[in-house]
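Take a look at the structure below.
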Amino acid sequence: MTSSLQASERSGRMPEQVNVLGVVASMALGGLETYLVNFLSAIDREEFKVTIVSTDSDVNCFKSELASLGVRTILCPNPYSQLGYVRRVRKIIQELDVDAVCDFRGDFSAPTLLAAMLTGVMNRIAVYRSTRTGFRSD
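Per the numbering used here, the sequence shown runs over residues 2 to 139.
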């Protein structure tokens, strides 16, 4: 498993679980949020430990589902001060000893991925998903 090997190189340990930090704007009702909850219910929770950071809203329509899946949720506002946000995310990554970071905010993923890089997280993913087509239908 690549994630475990890269995590062991960073921290000098082989993790019992791959510790994943997911970042979303909010956990309000929506397509991405529903998909994420369904995905989290399907993964092996003995292999992966997941924490979700919400940057724009503390609305969490899936609070009970996430709690039953053992997923921790954290509100970490991302206001105009990007440097402050990077510092807060670095602190979360360090406190949780995160092995992989996945930011689902597409174009707004750079500060999160910078924090992960500065903290030494080797597994960094930015996800862009849209319900609108980006192509013209000429």
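The beta carbon of each residue, even a glycine, is placed where N, CA and C say it ideally should be.
Asked: So is G85 buried or exposed if we call it buried at 16+ other beta carbons inside 10 Å?; Found: exposed
Asked: Among all the DSSP beta bridges, which residues are the ones paired with F49?; Found: V19
Asked: Quick one: complete beta strand (DSSP E) runs, 3+ long, within the region 35–107?; Found: 49–55, 73–76, 101–104
Asked: For I39, count neighbouring C-beta atoms within 10 Å of its own C-beta (all shown protein chains included) and say buried if the count is 16 or more, exposed if not.; Found: First, the amino acid is wrong: residue 39 is Asn here, not Ile. By the 10 Å Cβ count, N39 comes out exposed.
Asked: Can you give the Cα-Cα distance for A101 and L33, rounded to whole angstroms?; Found: 19 Å
Asked: R125 bridges to which residues according to DSSP?; Found: V102
Asked: Taking the alpha carbon of G71 as the point to measure from, which residue in C77, I53, N61 has its own alpha carbon closest?; Found: I53
Asked: What's the gap between the Cα of T3 and the Cα of E48?; Found: Annotation note: pLDDT 46 at T3 (below 50); position unreliable, coordinate value reported separately. In a straight line, the C-alpha of T3 is about 13 Å away from that of E48.
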